[in-house]
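Have a look at the structure below before the remarks.
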Amino acid sequence: MSSYTTQLKFAQALSIIRAIPQNSTLQPIASDKLQFYGLYKQATEGDVNIPRPSSRQVVEYAKWKAWSRMKGMSPIDAQKLYVESLTQLLSELVHRYPRHELTEFLKKALNSLQYNGNSDMEHEDEDLFQDAYDPIEFELQENFLNHIEADQLTQEDILNSPPTSATASSPYRSTPRHSKHYHNSRHNSFSDVVSTNDYPITPITSPGHNSVTGQWVLSQLQQQNKQNYVHPMDFLQKQQQQQQQLQHQQDMLSEADTLDREVAAATSNLVLSSPRQSPYTVSTASNNRKKTTSKPQQHSTLSPHLSSTSTSTSSNNKKKLKKSDRALEKLQTEVTALTEQIDRLRRGIKLREERDKNRKWSTLGITKVLLKHLMANSAILLITFYILWRRKSPIAYAIIGYIMPIIQDMIRSGGLLDLPFQRPAEACRKFTSGVIESVISNITSKIADLDLARLFTNAYPNTLDTTIQSTACIALSDHCHPLSFVITGDINAMWLRDSANQLLPYIDYIKHDVNLKRLFLGAIYMQAQFINTDPYANAFKEPHDLEALATYTHSQQLRKREVQLLDGVFEKKWEIDSLASFMSLSYQYWTQTGDDSFVENSIWIDAVENILNTIKLQQDPTFNATSGKSLDTDYVFFQTADRPTETQFLNGRGQPVKHTGMVKSLFRPSDDATVFPFFIPGNAMLSVELDHVSQLLSKSAAATVQKSAKTQVLASEASRLSKEIKDAIYKYGLIDHPTYGKIFAYEVDGYGSSLIMDDANIPSLLSLSLIGFLNQNDTVYQNTRKLVLSNDNPYFFSGPRGSGIGGPHVGLAYAWPMSQIVRILTSTEDNEIKEALSIILKSTDNTGLIHESFNVYRQGGGDNNSGYTRSWFSWANGLFGQAIMKLMNERPHLLVNQQQ
1 MSSYTTQLKF AQALSIIRAI PQNSTLQPIA SDKLQFYGLY KQATEGDVNI
51 PRPSSRQVVE YAKWKAWSRM KGMSPIDAQK LYVESLTQLL SELVHRYPRH
101 ELTEFLKKAL NSLQYNGNSD MEHEDEDLFQ DAYDPIEFEL QENFLNHIEA
151 DQLTQEDILN SPPTSATASS PYRSTPRHSK HYHNSRHNSF SDVVSTNDYP
201 ITPITSPGHN SVTGQWVLSQ LQQQNKQNYV HPMDFLQKQQ QQQQQLQHQQ
251 DMLSEADTLD REVAAATSNL VLSSPRQSPY TVSTASNNRK KTTSKPQQHS
301 TLSPHLSSTS TSTSSNNKKK LKKSDRALEK LQTEVTALTE QIDRLRRGIK
351 LREERDKNRK WSTLGITKVL LKHLMANSAI LLITFYILWR RKSPIAYAII
401 GYIMPIIQDM IRSGGLLDLP FQRPAEACRK FTSGVIESVI SNITSKIADL
451 DLARLFTNAY PNTLDTTIQS TACIALSDHC HPLSFVITGD INAMWLRDSA
501 NQLLPYIDYI KHDVNLKRLF LGAIYMQAQF INTDPYANAF KEPHDLEALA
551 TYTHSQQLRK REVQLLDGVF EKKWEIDSLA SFMSLSYQYW TQTGDDSFVE
601 NSIWIDAVEN ILNTIKLQQD PTFNATSGKS LDTDYVFFQT ADRPTETQFL
651 NGRGQPVKHT GMVKSLFRPS DDATVFPFFI PGNAMLSVEL DHVSQLLSKS
701 AAATVQKSAK TQVLASEASR LSKEIKDAIY KYGLIDHPTY GKIFAYEVDG
751 YGSSLIMDDA NIPSLLSLSL IGFLNQNDTV YQNTRKLVLS NDNPYFFSGP
801 RGSGIGGPHV GLAYAWPMSQ IVRILTSTED NEIKEALSII LKSTDNTGLI
851 HESFNVYRQG GGDNNSGYTR SWFSWANGLF GQAIMKLMNE RPHLLVNQQQ
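Under this note's numbering, the first residue of the sequence shown is numbered 1, with each subsequent residue one higher.
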């Protein structure tokens, strides 16, 4: 591109600049205006040729500084850079404001500037430049900057470094607006200004003005205007605010001028120093004399500094002048020292203010920062924990296990015992029923004793909260029969007897909760599967594929050993109450819901058939009545053990028995071996439940519709066995006691041998009326009840901590809270019930849960400390909740506050 073409482009750029309306929102920002101004001056007049304005004159100084930045740049280069900068500015405005009324004009202007391009800007000889511009161009360019005010300029605009070289062909290229150098920080402090060599503080040279005051005014202006930068888009909206700020600055300058005049009046007898000289630098006497004698008329044009003046220049007063100079030097030294002392005081005050600010930040600011980080970290930890818990990670459960005791220890009942809250976190509960939660809230709100209310809150839902190990097909939409695996508590296995008794406390509410109803039905099917696997076993392991087992349809031809989906037996102790518990759960479910759908399922029918066959086999005597030879037995249990209660006599056959009509049971509900195989409480419960299952088979709608011959045979057989067992109990199980009269023995053998005792586990002699074998007011039952709750029962223990029935399973001095619960359920006396409730509360050992047993003589911790055994025993907790529910319905005055 030739010099002539460059000049034409430059002239065209100037016309475009002039055509932009002054009140338009598309005005360039102040820094761009200053750059255009500097380039224009360099292109038209060359290097800066005017004196530097005073730093008090902010706008004039900014213009001078913008021009001086271009020093050394040739006019041709300045013209090229001017055109290039305008091209970039127009391109940015067109893209930023596509719908502005001036956009079309700017597009045309941009196209005209870009014609022939400006990338081919080769080096041109500076001598080819010719000044061909109109003389009024300077005024037009000055008019372009008429909206730059002091409050629009920032220190960055004034102190901005010269444009850096972009290419070899264009050594001075304007900084692109998208560059990181374009958006420099505009928050420089005033200290940045005074530390810059290019921006020294210039003393004010006009008479009556002091440079120190001027410096203070300038710093005030810079500090106030630092944040007042006005973007072109906000220019029109900020007009009123700018005028107010300008008026405020003028008022400040006026005050500063007044102060300067006062200082000048006070120092009117002092010599004026050079405007370039620091006010704190002392002039030599010879220099003063030279200035005074050579140019006495020009002292009024210099800055008023602390130098002495002489009222006479006569050669006759040289001695006086020397003396005055010495006095002046001394005065200047004192003034300088005083000024420095004032500065030190000011710096000290500033440092103290900063220290106070830092101290305030250290107490309040640090606290806020810590809280902010704590909240952020807590949110991250909660999200992480939720993800781990959803994935059933052991880490999540370990965290819960660590935190829950701390939380439970904080949430206490507020009663005399101050029992803790012992329910798991809601997210960790195995099964949740809204109906049961409502019942808990309703009952606890009525109980006056805070400790009793807390114990009920913890104990009643314990089975649902902690022992529903796994379920399948619980939802109604699932096309399969439900299954529920319910563990006993701290032992990860399902006992037939325990699981049935764990669920029965909720039986009254299954009509109101579909999921709870399906949970019961799942337990019935699960127990039926187990009985079909092995009717002699009392406990089973969790199936490895519960979902697959739920879809399995049992066949009449499929025997227990062919069921491949079951993991197997956990413990194979023949306990007749296990089978009775299965029939009890089935019957009570049917009576509460009327749902007999399970009767149609061959799984349940086969289980009942296996039960009846097993019962008939275990009615056989040990010897043949005719030949006297021992008969073969279908079941033996023998193992090497360190306790005799863990194995049986005669290589696992048990003690010999005579045929009575009762059913042998080689183990008790406590899992201890029986002494005599005819276990009276177990036979009593078996008799009751056989009659119940006979009614279920006879009256169920399914059996009536099908009119299955097999179902009718099973119903008749169950009824016959029930009656036969009951008659045998009254014939061989009753004995005459010298103190209590007719009572029921605990175990017999049919030969006349009997065992007088009772064990805490249900079924027991104490629970005969509870299981429905006889009426609560029956004379024989009352006699038996008195015996088992007295010292005539070898396993009744009484001590400072309470009393109750125990058993050989745990040992001497350990009473089971279960016996006190059964005592409440079978009592008709208020005082007895109150005493039992008090013992139960104390037996918790301040843990808030019912244990398996407790030491009646001394208090301690868990098993190792011998204070109690098994802190997690779900059956006893549910039974306690059942007792409280019964009292609330029948004897509310024992629980409810009199005012309530």
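The C-beta atom is built at its ideal place from N, Cα and C for all residues, glycine as well. As the structure is a prediction and not an experimental result, all values here were calculated from the model.
DSSP, read as helix, strand or coil, puts Leu755 in strand.
Three or more Cβ pairs drawn from the stretch 841 to 860 and the stretch 785 to 802 lie within less than 8 angstroms of each other, which places the two stretches in contact. Residues Phe623 of the same chain have their beta carbon placed closer than 7 angstroms to that of Lys629, with the five preceding and five following residues left out of the count. Contact between Leu887 and Ile833 holds, with the beta-carbon distance rounding to 7 angstroms and staying under 8 angstroms. Boundaries around Thr471 are those of the beta strand (DSSP E), Ile468 to Ala472, since no alpha helix (DSSP H) includes it. Pairing Tyr61 with Ala327, the inter-Cα distance amounts to about 39 angstroms. When Ser665, Tyr37, Asn613 and Gln341 are compared, the shortest CA-CA separation from Phe649 is found for Ser665.
Shown here, Tyr740 sits in coil according to DSSP, grouped into three states, outside any helix or strand. DSSP, read as helix, strand or coil, puts Tyr795 in coil.
Three or more beta-carbon pairs drawn from the stretch 732 to 742 and the stretch 785 to 794 are found closer than 8 angstroms, and the two stretches are therefore classed as touching. Inclusion of Tyr506 and Ile436 in the CB contact set at 8 angstroms is warranted, their separation being smaller than that value.
The stretch 505 to 519 and the stretch 583 to 596 touch, with three or more beta-carbon pairs separated by less than 8 angstroms.
Distance from the CA atom of Phe880 to the CA atom of Phe873, rounded to whole angstroms, is 12 angstroms. The alpha-carbon of Phe678 is positioned some 15 angstroms away from that of Asp671. Taking C-alpha positions only, Gln820 is separated from Thr826 by approximately 10 angstroms. By the Cβ test, the stretch 76 to 83 is in contact with the stretch 4 to 12, since at least three Cβ pairs between them sit closer than 8 angstroms.
Straight through space, the alpha carbons of Phe676 and Ile735 are spaced by roughly 15 angstroms.
The stretch 604 to 618 and the stretch 638 to 652 do not touch, with fewer than three beta-carbon pairs separated by less than 8 angstroms. By the Cβ neighbour-count rule, Phe456 is buried, with 16 or more other Cβ atoms within 10 Å of its own.
The shortest C-alpha to C-alpha distance from Ile615 to any of Asp642, Leu690 and Arg668 is the one to Leu690. Between Trp495 and Ala539, the C-beta spacing is below 8 angstroms. The continuous stretches of beta strand (DSSP E) do not include Gly522, which lies in the alpha helix (DSSP H) extending over residues Val514 to Thr533. Following the DSSP letters along the chain, one finds Leu110 inside the alpha helix (DSSP H) bounded by residues Thr103 to Gln114. With a cutoff of 8 angstroms on beta-carbon distance, Ala13 and Leu113 are scored as near each other. Between Pro461 and Gly848, the gap from beta carbon to beta carbon reaches 8 angstroms or more. By the criterion of a C-beta distance shorter than 7 angstroms, Asn846 is surrounded in its chain by Leu417 and Leu419, once the five residues flanking it on both sides are discounted. Ranking Asp32, Ala30, Gln35 and Tyr40 by CA distance to the CA of Ser15 puts Tyr40 first. By the criterion of a C-beta distance shorter than 6 angstroms, Ile840 is surrounded in its chain by Pro817 and Gln820, once the five residues flanking it on both sides are discounted. The secondary-structure analysis by DSSP pairs Ala815 across a beta bridge with Phe854. By the C-beta density criterion, Ala528 is buried, having at least 16 other C-beta atoms within 10 angstroms.
C-alpha of Phe773 to C-alpha of Ser722: approximately 11 angstroms in a straight line. Positions of the beta strand (DSSP E) runs, each at least 3 residues long and wholly inside the stretch 379 to 448, cannot be given because no such run exists. Listed in chain order, the non-local C-beta contacts of Lys842 below 7 angstroms within the same chain comprise Arg801 and Gly802, local neighbours out to five positions each way being set aside. Considered as a whole, the stretch 818 to 843 harbours 830 to 843 as its complete alpha helix (DSSP H) runs of no fewer than 4 residues, in chain order.
DSSP, reduced to helix, strand and coil, places Tyr536 outside both helices and strands of the structure shown, so it counts as coil. Inclusion of Tyr37 and Lys63 in the CB contact set at 8 angstroms is warranted, their separation being smaller than that value.
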